[in-house]
Amino acid sequence: MKQLVVLGAGTAGTIAVNKLLPRLAPGEWKITMVDQSPDHIYQPGFLFIPFGTYQPAEVVKPKEQFIPAGVELVLAEVDRVDAEANVVRLVAGRELAYDYLIIASGTTPRPDQTPGMDDPEVWRKSVHEFYTLEGATALHEALEAFTGGRLVVHITEMPIKCPVAPLEFTFLADAYFKERGIRDQVELIYVTPLEGAFTKPVCSTKLGGMLDVRQITLEPDFMIERVDAAARMIVSMDEREIPFDLLVTVPLNMGADFVARSGLGNELNYVPVDKHTLLSKAYDNIFAIGDASDIPASKAGSVAHFSMDLFPENFLNHVAGRPMTAMFDGHANCFIESGDGKGLLIDFNYTTEPMPGKYPLPGVGPFTLLAETQTNHWGKLMFRWMYWNLLLPGKDLPLPALMSMAGKRTEG
Amino acid sequence: MSVATIEGYEVHVNEEGFLTEYDEWNETLALKLAENIGVEMTDRHWEIVRWLRADFKEQGETATTRRTQTVGGFPTKEQFELFPKKPAKKMAYIAGLPKPHGCV
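Sequences listed follow chains V and P, in order. Read left to right, the first sequence gives residues -5 to 406 (the working numbering). Read left to right, the second sequence gives residues 2 to 105 (the working numbering).
Pasting the structure below:
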């Protein structure tokens, strides 16, 4: 029997197994998944927890619920992959031999990588993040207690998971303080290492305009050197200082440490792969999927989802010694919450930047691209149901895996 | 994309003035490119630019500031001192490479 080991039972790993299993010949494969946590977290929900829209319990379900029968889930930490010997060694001592390995161990915020950021004097007190359940919950308490002052939203370095999330957080914070009647007591500053509000030109202009309208100050080209905990300010590599009363940062994102220990990662522990097939550049029997790979696409659930639509076909062809023919295009599709019950939708890939127009979706859509509408906001909220009930179980969604130009306006 | 003449060399550039053909670059050109953006090239500047060129040849993409630090051994802080404000962009521009895409 062939052994397939999947490291990580998050969004990408779970979808991959659910899509792959029905296509594998019965009795020929043993699939083992390894993950440290028994909990599957609906990560888009992190954005809403600080504002009290979602409660922590609403975004967590047991991983077991989404792992198909016959697949073993091992709750353990990975020590390292010995790619020459085709063996995964777990910290607890167990060894898992594999014929094929899928690395789906994602990306994690690492406040320890910026001097002063995780200083116990300030961490989870005046310095927060919202990419973990613990962090989003602590930030909720901090926001409730916040009565005015300088709120600085900050990105440490690209790439980050869900690159639109810090902008969404900023828009929602603006709406939240208005709702509480203290917006005029709050100075909102958006600090980014990028040249503008976002990465892609058309989108960056549109989103930058949305910051202006809300009187949110944009501080671009800011590469952080350290957090000065005592003085409560962030300091850049070129000695710019930004004081804060409350800092909401997106810490440096890195892939799993075992990837580095195994010699399989780049400088941020992401696994170099072919960007169209997700096959490792170093080993012919290792794939890296979801946020764990180094593909130049957004680190986002939608990218994991679209790429996994194509993955089973490629995997089966590769295992059978045939060429892989399904070429992933970097397709991403993100709802952007903009506050006051509205949102935007962007749809893009490796080569086409987000543009305005309509996003056709039979039965529910069309959604409006790159403009604020209520339908987009409801689309985002509806998505939680789709995630648990359709996406993770590997069912087909009525969305094309590859980006389509239908409805998009390309002029200008 | 268009063709520009820099220091007597005909080169292909994109809308932001970045060279688009790896092999059209040379050090005379780089001096002029540096001058265009107010950078005075010292030995250390050249070390970084030459490393970026070599790394691109191997990797097929431009190193980010982080890679330039961890793999190339040039501290990010120093990159900011040598190429003020926007080191990633300025280094790529002078080295005749595409802007690095840490940003998607």
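Virtual Cβ for every residue (Gly too), placed ideally from N, Cα, C.
Minimum C-alpha distance to residue i - residue among the options
i	options	result
Phe238 of chain V	V:Met399, V:Phe140 and V:Phe342	V:Phe140
Met227 of chain V	V:Met111, V:Ala19 and V:Ser198	V:Met111
Met(-5) of chain V	V:Ala19, V:Lys24, V:Ile149 and V:Asn12	V:Lys24
Val72 of chain P	P:Trp26, P:Glu82 and P:Leu53	P:Leu53
Glu151 of chain V	V:Arg104, V:Gly21 and V:Gln59	V:Arg104
Tyr344 of chain V	V:Thr193, V:Ser31, V:Glu115 and V:Glu58	V:Thr193
Ala365 of chain V	V:Arg403, V:Ala254, V:Ala130 and V:Pro266	V:Arg403
Ile38 of chain P	P:Ala64, P:Arg68 and P:Leu30	P:Leu30
Ser296 of chain V	V:Phe305, V:Asp341 and V:Ala276	V:Asp341
Ala10 of chain V	V:Gly21, V:Phe60, V:Phe45 and V:Ser31	V:Phe60
Gln368 of chain V	V:Leu393, V:Met380, V:Pro387 and V:Gly337	V:Gly337
Thr68 of chain P	V:Phe163, V:Leu262 and V:Met380	Here the sequence assigns Arg to residue 68 of chain P, which means Thr is not the residue at that position. Looking at the Cα atoms, V:Leu262 is the closest of the given residues.
Asp33 of chain V	V:Leu95, V:Pro157, V:Thr5 and V:Ala19	V:Thr5
Gly18 of chain P	P:Val40, P:Leu34, P:Arg45 and P:Glu28	P:Leu34
Pro44 of chain V	V:Thr8, V:Val85, V:Asp93 and V:Glu135	V:Glu135
Val242 of chain V	V:Asp73, V:Lys389 and V:Arg144	V:Arg144
Ala208 of chain V	V:Ile236, V:Leu240, V:Ala225 and V:Ala169	Note that residue 208 of chain V is Arg in the sequence shown, not Ala. That would be V:Ala169, whose Cα lies nearest to the Cα of Arg208 of chain V.
Pro114 of chain V	V:Val221, V:Ser274, V:Ala79 and V:Thr131	V:Val221
Thr131 of chain V	V:Phe281, V:Glu52 and V:Ala98	V:Glu52
Pro211 of chain V	V:Met302, V:Lys13 and V:Leu201	For the sequence presented, residue 211 of chain V should be read as Thr rather than Pro. Minimum Cα distance to Thr211 of chain V is reached at V:Leu201.
Gly324 of chain V	V:Thr186, V:Pro394 and V:Gln107	V:Pro394
Gln49 of chain V	V:Pro56, V:Lys57, V:Glu58 and V:Tyr36	V:Tyr36
Ala167 of chain V	V:Leu240, V:Ile236, V:Glu213 and V:Ile96	V:Leu240
Met349 of chain V	V:Gly203, V:Ile280, V:Ser256 and V:Cys197	V:Cys197
Phe216 of chain V	V:Leu133, V:Arg88, V:Phe171 and V:Glu189	V:Glu189
Gly249 of chain V	V:Gln(-3), V:Leu90 and V:Gly100	V:Gly100
Glu22 of chain V	V:Gln30, V:Phe40, V:Phe42 and V:Leu(-2)	V:Leu(-2)
Delimiting residues of the beta strand (DSSP E) encompassing residue i
i	result
Pro103 of chain V	Thr101 to Pro103
Phe329 of chain V	Ala326 to Gly333
Ile228 of chain V	Met227 to Ser230
Leu212 of chain V	Thr211 to Glu213
Residue interval of the alpha helix (DSSP H) (run including residue i)
i	result
His83 of chain P	The sequence given here places Leu at residue 83 of chain P; His does not occur at that position. From DSSP, the alpha helix (DSSP H) with Leu83 of chain P extends over Thr77 to Leu83.
Asp29 of chain V	No alpha helix (DSSP H) holds Asp29 of chain V; the beta strand (DSSP E) holding it covers Trp23 to Asp29.
Val196 of chain V	Pro195 to Val207
Gly373 of chain V	Gln368 to Met380
Phe57 of chain P	Asp44 to Gln60
Thr69 of chain P	Thr66 to Thr71
Ile218 of chain V	That residue, Ile218 of chain V, is in no alpha helix (DSSP H); its beta strand (DSSP E) goes Ile218 to Asp222.
Ile9 of chain V	Thr5 to Leu14
Lys87 of chain P	No alpha helix (DSSP H) holds Lys87 of chain P; DSSP gives it neither H nor E.
One or two residues paired with residue i in a DSSP bridge
i	result
Gly351 of chain V	V:Leu363 and V:Lys402
His13 of chain P	P:Val4
Val(-1) of chain V	V:Thr26 and V:Leu95
Leu34 of chain P	In DSSP, Leu34 of chain P forms no bridge with anything.
Ile121 of chain V	Checking the sequence shown, residue 121 of chain V turns out to be Val, not Ile. DSSP output for Val121 of chain V lists V:Trp117 and V:Leu241 as bridge partner(s).
Gly337 of chain V	V:Glu331 and V:Thr367
Met318 of chain V	Looking at the DSSP assignment, Met318 of chain V forms no beta bridge with any residue, so it has no partner.
Glu22 of chain P	DSSP lists no partner for Glu22 of chain P.
Leu84 of chain V	V:Val72
Leu385 of chain V	DSSP lists no partner for Leu385 of chain V.
Leu90 of chain V	V:Val82
heavy atom of the ligand ZN below 6 Å from residue i C-beta
i	result
Leu20 of chain P	Of ligands this structure carries none, so the ligand ZN is not represented either.
Test: residue i CB closer than 7 Å to a CB of chain B
i	result
Pro290 of chain V	In the structure shown, chain B cannot be found, because the protein chains are V and P.
Between the region 26 to 33 of chain V and the region 60 to 69 of chain V, do three or more beta carbon pairs fall short of 8 Å?
-> Contact between the region 26 to 33 of chain V and the region 60 to 69 of chain V is established, with three or more Cβ pairs separated by less than 8 Å.
Complete alpha helix (DSSP H) runs within the region 127 to 191 of chain V (minimum length 4 residues, chain order) | You should have 127 to 139 and 159 to 173.
In chain order, which beta strand (DSSP E) runs of at least 3 residues are fully inside the region 235 to 312 of chain V?
-> Listed in chain order, the complete beta strand (DSSP E) runs (minimum 3 residues) inside the region 235 to 312 of chain V are 235 to 237, 240 to 244, 247 to 249 and 280 to 282.
Could you pull out every unbroken alpha helix (DSSP H) segment of at least 4 residues lying fully inside the region 32 to 82 of chain V, listed in chain order?
-> Fully enclosed alpha helix (DSSP H) runs of 4 or longer: not present.
Is there contact between the region 153 to 173 of chain V and the region 289 to 308 of chain V, where contact requires at least three CB pairs shorter than 8 Å?
-> The region 153 to 173 of chain V vs the region 289 to 308 of chain V: in contact.
Quick one: any contact between the region 372 to 386 of chain V and the region 309 to 323 of chain V, if contact means 3 or more CB pairs under 8 Å?
-> Between the region 372 to 386 of chain V and the region 309 to 323 of chain V, the count of C-beta pairs closer than 8 Å stays below three; the two stretches do not touch.
Touch check for the region 265 to 272 of chain V and the region 174 to 194 of chain V: three-plus C-beta pairs under 8 Å?
-> Result no; under three Cβ-Cβ pairs closer than 8 Å.
Within the chosen definition, does the region 71 to 78 of chain V reach the region 181 to 191 of chain V through at least 3 CB pairs nearer than 8 Å?
-> No: fewer than three Cβ pairs fall under 8 Å.
Does the region 77 to 84 of chain P come close enough to the region 4 to 18 of chain P that 3 or more CB-CB pairs lie under 8 Å?
-> Contact between the region 4 to 18 of chain P and the region 77 to 84 of chain P is absent, because fewer than three Cβ pairs lie under 8 Å.
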